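Novice: Quick note, the sequences are listed as chains A and B, same order.
If you read the first sequence in our numbering, its first letter stands for residue 171, the second for the next number, and so on.
If you read the second sequence in our numbering, its first letter stands for residue 171, the second for the next number, and so on.
Note that the Cβ used here is the ideal one computed from N, Cα and C, for glycine as well.
Since we're looking at a predicted model, the values are computed, not measured.
2 protein chains.
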Amino acid sequence: MTTIRDVAREAGVSIATVSRVLNNVGPVDEETRERVRHTARRLKYVPSALGRSLSMKKTDAIGLLLPDLFGEFFSEVLRGSDQTAQQAHYHLVVSSSHNNKEEIRAALTMMRGRVDGLVIMSPHIDAETLNENLPHSLPVVLLNCCVESDKFDSLNIDNYGGAFAMTRHLLEHGHRRVAIIKGTENNIDAAQRLRAYCDAMRQYGGELDERLQASGTFSEASGYDAATTLLELHPRPTAIFASNDSMAIGALSALRDKGVEVPQEIALAGFDDVPIAAYLTPTLTSVKVGIHRLGVRAIETLLHAVRNKNAHRKQQVVLPTELSLRESCGCPNATHRT
Amino acid sequence: MTTIRDVAREAGVSIATVSRVLNNVGPVDEETRERVRHTARRLKYVPSALGRSLSMKKTDAIGLLLPDLFGEFFSEVLRGSDQTAQQAHYHLVVSSSHNNKEEIRAALTMMRGRVDGLVIMSPHIDAETLNENLPHSLPVVLLNCCVESDKFDSLNIDNYGGAFAMTRHLLEHGHRRVAIIKGTENNIDAAQRLRAYCDAMRQYGGELDERLQASGTFSEASGYDAATTLLELHPRPTAIFASNDSMAIGALSALRDKGVEVPQEIALAGFDDVPIAAYLTPTLTSVKVGIHRLGVRAIETLLHAVRNKNAHRKQQVVLPTELSLRESCGCPNATHRT
DNA sequence: TGCTATATTGTAACCGCTTACATCGGCGAA
DNA sequence: TTCGCCGATGTAAGCGGTTACAATATAGCA
């Protein structure tokens, strides 16, 4: 692999001159410039990002830590992030499936020195672990983490607001036995959504019954199983609120297999509003989060921190949600495809 | 940020000793070892990946170039890749939306020196561009690229075989007017699938009619539109083969909106067999590619190349496909959920 | 002609790490 | 005792860049 020294030798100049030419900095004689350019091209020279990073103390890369990569949710976050990072000429170093502190710790140290900043999406992390494993100077954006600290920028989905609004919406359809398919145990999103569901049920005359709270793990399969379980109840719930769209899709499948009409016999709603929600049969009512935008915002926030060398005032933002009302909840004038 | 020098100074040893302790290499007195370890911990020292990479000439990172990040297909490839890379203690540097040569070129040089190897998934790249922009020594695995060269490891989906089998399957259901929703123009996968469709139609008594070949771009929306167009034909097609699952999902949605029963009035099949295919209504018949496995294989192949310093014999592999027969094609004993 | 300002280029230090080689005691064998 | 060996540690040369500073040449000007 050709280095800057090879180019310098071939062009008969010093490495400083080569560097100057290639970075368009400092005065260089036009003829020399041309000669260096030509030599570099001839030798197919490409500067090593590594050497540059080391001496410039910046890597032009940012790390993205995700708990998982399964399903449309993460894929959308990633898409938004990649797009935004790329526009700013940054690279994305992705790392997923960090489901406990130890894995997170390992990932954090692995990223060390490799990236200029970090977007962390981890329902399991706490402020202490972060402080212990991150240099104070490294810009970090927490995405949907349950860390309450004004030392970090954070972006959170309004889980409570969204779930509350959706539960209330279902209740306003006249349902009283509204079931919920819960998300993964100990998951902060899952917990907040569940709490909102309970509060709304209590507040708007829903029938609060523990048996209406089925367990799930945010996967299609768990949604399928949960719905199957719920169908065995007497009396059956008349509406099901799945804590995310994947489980709603699984539930939908189960209901269909059992010959239950949605929304006529049982209404259904999800959370996240993934792109395919609008293409399901029936179209799926969901809590719109703006996942792609979430990724975009995360990177934007991080880049801002990077540019200010992390000396800026940290912001804790809660992104509002809205309801995407479609057929599955029984809305008469459902928006079909948005 | 503390460096190895800080630790050395604090511990009263040379940087060489610190390095030896931290890497468990060479003989070090037990007491010294303990002292260094303790100092490192006290100073919260974490070796910089950058410095290490530069001197070791390896980055422990591999690059993944994707054409896009939209939908479950890429998300699954990525998931398989990440999982495999992580197990081998490698990082993934992801970069997407490279839709023309220039963007690819840019991405290739950006990756330069940053990664130990590259997985390239690009329907648009050609061997020449690759050779010109990559050092000969850099291990590369081509994923679904239309490059015919024994200079590169490559992994290809058996587009032709899969599409041929699916078209044939639809014809064997008794359909003669089988329509296809084509993929993005100039896309190699799209072209191969179309060719197989035509061949199968010709060979097994299908009605070869250009109007049965609707345009699409691999997105749900384009599938929706294509199906809408196809429904206006007289006579209508009795089966639709979408070139990927996203378009099949869009088509399904369109058919339902028009009150067309699937599979009774029109049979439907997709390609890729994304995870949710088994959860749709009706469950979607598709060509199973094993997307996750594709990502796994790509990384495995690449790591093999990395370990052999790219001096191994390159292999061109075509991954077989199989049919996942479910309800949407009208199969009586459809596999429901696999 | 001598002096200074300026344009161009080179020298070398540094970024943080690994590692080949040198150094230095201490110990067993001749 | 003396020599060679070995274990423990330090020294310094890279890895591939950037850049402050020095050096040189050239031109402008008094």
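Relative to the C-alpha of A/Met-281, which residue among A/Gly-344, A/Ala-219, A/Asn-303 is closest?
Specialist: When each option's Cα is compared against that of A/Met-281, the closest is A/Asn-303.
Novice: Tell me, please, which residues DSSP counts as bridged to B/Leu-495.
Specialist: DSSP, once it has assigned bridges, lists no residue as partnering B/Leu-495.
Novice: Spell out whether any CB of chain A is found under 9 Å from the CB atom of B/Ser-267.
Specialist: By this cut-off, B/Ser-267 is an interface position.
Novice: Check for me: the beta strand (DSSP E) holding A/Val-154 runs from which residue to which?
Specialist: No answer is possible for residue 154 of chain A: it lies beyond the span of chain A, which begins at 171 and ends at 508.
Novice: Would you mind telling me which residues of chain A sit closer than 8 Å to B/Asp-252, beta carbon to beta carbon, in chain order?
Specialist: Simply Leu-239, Val-264, Ser-265, Ser-266, Ser-267.
Novice: So with Cβ pairs under 9 Å, would you call A/Ser-413 a contact of chain B?
Specialist: Closer than 9 Å: no.
Novice: Spatial neighbours of B/Arg-207 within its chain, please: C-beta separation below 7 Å, excluding the five flanking residues on both sides.
Specialist: Excluding positions up to five away in sequence, the list reads Val-191.
Novice: Under a Cβ-count criterion, where at least 16 other Cβ atoms within 10 Å of its own Cβ denotes burial, should A/Ala-468 be classed as buried or exposed?
Specialist: Label assigned to A/Ala-468: buried.
Novice: In its own chain, which residues sit with a C-beta less than 6 Å from the C-beta of B/Ser-494, not counting the 5 before and 5 after it?
Specialist: Hits under 6 Å: Asp-443, Ser-456, Lys-458.
Novice: Going residue by residue through the region 293-326 of chain A, where are the continuous beta strand (DSSP E) segments of at least 3 residues, counting only ones entirely within it?
Specialist: Qualifying beta strand (DSSP E) stretches, in chain order: 310-313.
Novice: DSSP three-state label for A/Leu-235, please.
Specialist: A/Leu-235: strand per DSSP, three-state reduction.
Novice: B/Gly-429 CB to nearest chain A CB: under 9 Å?
Specialist: Judged by the 9 Å Cβ criterion, B/Gly-429 is not in contact with chain A.
Novice: When you compare the CB of B/Gln-362 with every CB in chain A, is at least one pair closer than 9 Å?
Specialist: Not one chain A Cβ lies under 9 Å of B/Gln-362.
Novice: Please confirm whether B/Ala-297 and B/Lys-321 have their CB atoms less than 9 Å apart.
Specialist: Their beta carbons are under 9 Å apart, which means B/Ala-297 touches B/Lys-321 by this criterion.
Novice: According to DSSP, B/Gly-460 sits in a beta bridge with which residue or residues?
Specialist: B/Gly-460 pairs with nothing; no bridge assigned.
Novice: Where does B/Ile-174 sit, in a helix, a strand or coil, going by DSSP?
Specialist: In this structure, B/Ile-174 counts as helix in the three-state DSSP scheme.
Novice: Measure the alpha-carbon distance for B/Ala-360 versus B/Glu-273 and round it to whole angstroms.
Specialist: Taking the straight line joining both Cα atoms gives about 21 Å.
Novice: Should A/Gly-440 be flagged as near chain B, meaning a C-beta pair shorter than 9 Å?
Specialist: It does not: the Cβ of A/Gly-440 has no partner Cβ on chain B nearer than 9 Å.
Novice: Flag this pair as yes or no: are the beta carbons of A/Ser-324 and A/Gln-485 separated by less than 9 Å?
Specialist: Contact: yes.
Novice: List, in order along the chain, the chain A residues whose C-beta lies closer than 8 Å to that of B/Tyr-215?
Specialist: By Cβ distance, chain A contributes nothing, its closest Cβ being about 10 Å from B/Tyr-215, past 8 Å.
Novice: What does A/Arg-249 touch in chain B if you count any residue whose Cβ is under 7 Å from its own?
Specialist: In chain order: Leu-239, Phe-240.
Novice: In the region 319-343 of chain B, which residues sit with their C-beta less than 8 Å from some C-beta in chain A, listed in chain order?
Specialist: Cβ contacts with chain A come from no residue of the region 319-343 of chain B.
Novice: Can you tell me whether A/Asp-286 is buried or exposed, with buried defined as 16 or more other CB within 10 angstroms of its CB?
Specialist: That one is buried.
Novice: Below 8 Å on the Cβ atoms is my guess for A/Arg-347 versus A/Tyr-374; work out the distance and round it to an integer in Å.
Specialist: Not quite, the Cβ-Cβ distance comes to about 13 Å (not below 8 Å), so this is no contact.
Novice: Looking at the structure shown, is A/Phe-334 part of a helix, part of a strand, or coil, going by DSSP?
Specialist: It is helical.
Novice: So A/Phe-244 contacts chain B; which residues on that side make the cut at Cβ distance below 8 Å?
Specialist: Going along chain B in sequence order, the residues near A/Phe-244 (Cβ under 8 Å) are Ser-245.
Novice: Under 7 Å between beta-carbons, which chain B residues line up against A/Gly-420? List them in chain order, please.
Specialist: Ordered by position in chain B, the residues that pass the 7 Å Cβ test against A/Gly-420 are Tyr-449.
Novice: Checking contacts by CB at 9 Å: is A/Glu-390 closer than that to chain B?
Specialist: So yes, A/Glu-390 belongs to the interface.
Novice: When you compare the CB positions of B/Ser-307 and B/Pro-237, do they come within less than 9 Å of one another, or not?
Specialist: Contact: no.
Novice: Pop quiz: B/Tyr-394 and B/Ser-423 are said to be a contact at Cβ under 8 Å. What is the actual Cβ separation, rounded to whole angstroms?
Specialist: Contact holds; Cβ gap of about 6 Å.
Novice: According to DSSP, is B/Ser-265 helix, strand or coil?
Specialist: Looking at B/Ser-265 - three-state DSSP - the assignment turns out to be strand.
Novice: Using a cut-off of 8 Å between C-beta atoms, extract the partners of B/Thr-279 located in chain A.
Specialist: Val-216, listed in chain order.
Novice: How about B/His-261 and A/Ser-265: do their beta carbons lie closer than 9 Å?
Specialist: For B/His-261 and A/Ser-265, yes; Cβs fall inside 9 Å.
Novice: Considering only the beta carbon of each residue, do B/Cys-315 and B/Ile-290 sit closer than 9 Å?
Specialist: Closer than 9 Å, so yes.
Novice: Which residue from A/Ser-189, A/Phe-243, A/Glu-355 puts its Cα closest to that of A/Asn-269?
Specialist: It is A/Glu-355.
Novice: At a CB-CB cut-off below 7 Å, which residues of chain A make contact with B/Ser-223?
Specialist: By Cβ distance, chain A contributes Leu-220.
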